[in-house]
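Colleague: Numbering (our numbering), first residue to last: 14 to 461.
Cβ atoms here follow ideal geometry from the backbone N, Cα and C, with glycine treated the same way.
Just so we're clear, the structure is a prediction, and the values are computed from it rather than from any experiment.
Below is one structure. I have some questions about it.
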């Protein structure tokens with residue numbers, strides 16, 4: 014099967030989805046929702062453009078076969094249907110007296126994207142959903158959705174503005190950080206807004222970005238001791254950052270990026286008697302290397318200091334990021350994901366956790382219509398005790414996947430997928446994740 018490098022589209026793969034769920038700036042680690050298409054027009058560095066496809070698919074499609082023209086716009090409809098078996102739906106610990114429950118499951122994910130084809134400026138409308146059903150574990154049923162508008166206004170050739178506004182619903186799946194206290198997924202609604210200004214002077218450039226996201230949480234189960242209820246987690250997150258860079262070559266940039274973050278909770282004092290509003294500053298140095306129009310690698314390393322306003326306590330962390338895609342060897346596409354962030358904790362005994370992820374996904378064109386897809390990742394969650402009331406704790410999540418896809422035609426693919434998750438913790442014998450989970454499924458992916 015011939016693959017064009019000019020405008021190929023990537024349907025996000027399972028492990029990268031898990032990686033970005035585990036370490037996104039957002040406090041919501043979501044169940045699979047709708048993948049942000051690879052040809053998004055907004056600045057790819059925004060932390061509020063989620064890629065929440067934890068059980069997605071990995072495939073390239075023939076660009077000439079995609080899209081339905083509507084004047085100056087092109088519509089990209091897509092549908093994925095997945096059915097399989099989950100061996101440990103509730104992510105129950107192996108040392109628990111509670112029986113481990115397995116269940117068949119079905120997942121349906123429709124997506125509609127309308128994208129402008131103007132010579133200047135750009136505008137995109139995105140709508141999608143994910144509907145999961147577990148016949149033997151109905152409390153795990155969920156639906157997620159995304160409505161989003163983003164675009165770019167070209168003021169001059171070297172000056173433009175980008176913006177995004179959306180409405181999203183996601184769920185926190187059991188067996189991920191922050192979910193030990195629940196028996197059914199917590200629902201998270203959010204409204205993200207972001208604006209960015211970019212300008213270039215010869216080979217120097219800057220990009221100024223501001224964003225705000227409002228989060229509402231909804232409990233679907235009784236919260237156990239140690240967990241914060243939804244009302245104590247509702248918050249608004251803000252971020253301001255400035256990127257100053259230099260184009261060493263047409264394909265290679267280096268830059269520095271200072272920034273600020275603020276988190277403001279709806280409840281000034283939560284149910285545990287805590288005041289968790291915080292502010293943090295960070296700075297990093299990084300690079301961007303573009304291999305082709307559709308493949309690039311971007312990496313950075315820096316430092317972040319988070320401080321709580323009530324008591325002045327701080328959490329310092331070395332932060333880093335390496336993301337993108339590489340296909341220097343024609344049949345193979347690699348997508349690394351090395352990311353560290355400071356995330357909010359949903360526990361009363363821990364103020365936050367430092368999430369570190371090391372992983373990659375791959376697509377390999379085996380022969381003609383056959384592709385191998387998969388990847389692996391290790392995520393660690395280092396929890397910071399609140400007021401030294403408990404010992405420090407680290408949770409580990411290792412996830413791997415391997416699948417095959419067969420193309421009936423460029424717009425239709427299907428094949429099996431196997432995923433395995435193993436979790437363990439230093440919090441012994443008290444709590445924390447200690448489970449294994451196997452999922453095997455068959456997927457049908459269609460695009461037009």
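#1: Helix, strand or coil for residue 40, going by three-state DSSP, please let me know.
#2: According to DSSP, simplified to helix, strand and coil, what is residue 225?
#3: Can you tell me where the beta strand (DSSP E) with residue 296 in it begins and where it stops?
#4: If we call anything under 7 angstroms between Cβ atoms a contact, is residue 102 one with residue 121?
#5: Measure the alpha-carbon distance for residue 256 versus residue 222 and round it to whole angstroms.
#6: For residue 151, collect the residues of the same chain with a Cβ closer than 8 angstroms to its Cβ; drop the 5 residues on either side in sequence, then sort them by chain order.
#7: Starting from residue 94, trace the beta strand (DSSP E) in both directions and tell me its first and last residue.
#8: Can you look up residue 454 in the DSSP assignment and give me helix, strand or coil?
#9: Which of helix, strand or coil does DSSP assign to residue 152?
#10: Under 8 angstroms Cβ to Cβ from residue 321, same chain only, skipping five residues before and after it: list those, please.
#11: I'd like the list of long-range same chain contacts for residue 155, defined as Cβ closer than 7 angstroms, with 5 residues on each side in sequence excluded.
#12: Among residues of its own chain, excluding the 5 on either side of residue 389, which ones have a beta-carbon nearer than 8 angstroms to its beta-carbon?
#13: Among 284, 274, 300 and 127, whose alpha-carbon lies nearest the alpha-carbon of residue 267?
#14: Is it the case that the Cβ atoms of residue 447 and residue 191 are separated by a distance below 7 angstroms?
#15: Starting from residue 134, trace the beta strand (DSSP E) both ways and give me its first and last residue.
#16: As a quick exercise: from 83, 213 and 427, pick the residue whose alpha carbon is nearest that of residue 96.
#17: Straight-line CA distance for residue 213 to residue 425?
#18: Report, in whole angstroms, the separation of the C-beta atoms of residue 217 and residue 259, which I expect to be a contact under 8 angstroms.
#19: Which residues in the same chain as residue 264 place their Cβ atom closer than 8 angstroms to its Cβ, once the five residues preceding and following it in sequence are excluded?
#20: With respect to the beta strand (DSSP E) encompassing residue 216, which residues constitute its N-terminal and C-terminal limits?
#21: I'd like the list of long-range same chain contacts for residue 345, defined as Cβ closer than 6 angstroms, with 5 residues on each side in sequence excluded.
#22: Nearest by alpha-carbon distance to residue 153: which of 99, 242 and 277 is it?
#23: Should residue 84 be labelled buried (16 or more other beta-carbon atoms within 10 Å of its own) or exposed?
#24: Whole-angstrom Cβ separation of residue 188 and residue 104, contact assumed at under 8 angstroms?
#25: For residue 243, collect the residues of the same chain with a Cβ closer than 6 angstroms to its Cβ; drop the 5 residues on either side in sequence, then sort them by chain order.
#26: For residue 384 and residue 349, what's the separation of their Cα atoms in angstroms?
#27: Measure from the alpha carbon of residue 109 to the alpha carbon of each residue in 432, 455 and 445, then state which is nearest.
#28: For a test of the three-state rule: what should DSSP assign to residue 237, helix, strand or coil?
#29: Could you work out which residue in 403, 215 and 272 is closest to residue 261 when comparing CA atoms only?
#30: Please state whether the Cβ-Cβ distance between residue 315 and residue 297 is less than 7 angstroms.
#31: Can you tell me which of the three DSSP states residue 285 falls into?
#32: Can you tell which of 454, 362 and 181 has the C-alpha that lies nearest to the C-alpha of residue 161?
#33: Would you mind stating whether residue 134 and residue 166 have Cβ atoms separated by less than 7 angstroms?
#34: If you check the beta carbons only, do residue 195 and residue 234 fall under 7 angstroms apart?
#35: Considering only C-alpha positions, which residue in the set 319, 285, 81 and 186 is nearest to residue 252?
Modeller: Taking the coordinates as given:
#1: Unreliable placement is indicated for residue 40, whose pLDDT of 35 sits below 50; no coordinate value is reported for it.
#2: DSSP places residue 225 within a strand segment (E or B) once states are collapsed to three.
#3: Run containing residue 296: 291 to 303, per the beta strand (DSSP E) assignment.
#4: When the beta-carbon positions are compared, residue 102 and residue 121 stay at least 7 angstroms from each other.
#5: Taking the Cα positions, residue 256 is about 8 angstroms away from residue 222.
#6: Cβ within range, chain order: n/a, list empty.
#7: Run containing residue 94: 86 to 99, per the beta strand (DSSP E) assignment.
#8: Reduced to three states, the DSSP call for residue 454 is strand.
#9: Residue 152 falls in the helix class under three-state DSSP.
#10: Within the same chain, residue 321 has close Cβ partners 288, 289, 290, 291, 327 and 364.
#11: Excluding residues up to 5 positions away in sequence, 44, 145, 184 and 198 lie with their Cβ nearer than 7 angstroms to the Cβ of residue 155 in the same chain.
#12: Closer than 8 angstroms at the Cβ level, and outside the excluded window around residue 389, lie 28, 372, 373, 411, 412, 413 and 414.
#13: The residue among 284, 274, 300 and 127 with its C-alpha nearest the C-alpha of residue 267 is 300.
#14: No.
#15: No beta strand (DSSP E) contains residue 134, which DSSP labels as neither H nor E.
#16: Minimum Cα distance to residue 96 is reached at 427.
#17: Distance between the alpha carbons of residue 213 and residue 425: 42 angstroms.
#18: With a beta-carbon spacing of about 6 angstroms, residue 217 and residue 259 fall inside the 8 angstroms limit used to define contacts.
#19: Only 302, 303 and 304 meet the Cβ criterion.
#20: Unbroken run through residue 216: none, as it is neither H nor E.
#21: Once the five neighbours on either side are set aside, the close Cβ partners of residue 345 are 377.
#22: Relative to residue 153, the option among 99, 242 and 277 whose CA is nearest is 99.
#23: Under this definition residue 84 is an exposed residue.
#24: Indeed, because the Cβ distance is near 3 angstroms, the residues count as touching under 8 angstroms.
#25: These residues qualify, in order along the chain: 230, 231 and 232.
#26: Going by C-alpha positions, residue 384 is about 19 angstroms away from residue 349.
#27: Minimum Cα distance to residue 109 is reached at 445.
#28: Here residue 237 sits in coil by DSSP.
#29: Nearest C-alpha to residue 261 among 403, 215 and 272: 215.
#30: Yes, the Cβ-Cβ distance between residue 315 and residue 297 is below 7 angstroms.
#31: It is coil, neither helix nor strand.
#32: Of all alpha-carbon atoms in 454, 362 and 181, the one lying nearest the alpha-carbon of residue 161 is that of 181.
#33: For residue 134 and residue 166, yes; Cβs fall inside 7 angstroms.
#34: The answer is yes: Cβ separation under 7 angstroms.
#35: Of the candidates 319, 285, 81 and 186, the one whose C-alpha sits nearest the C-alpha of residue 252 is 319.
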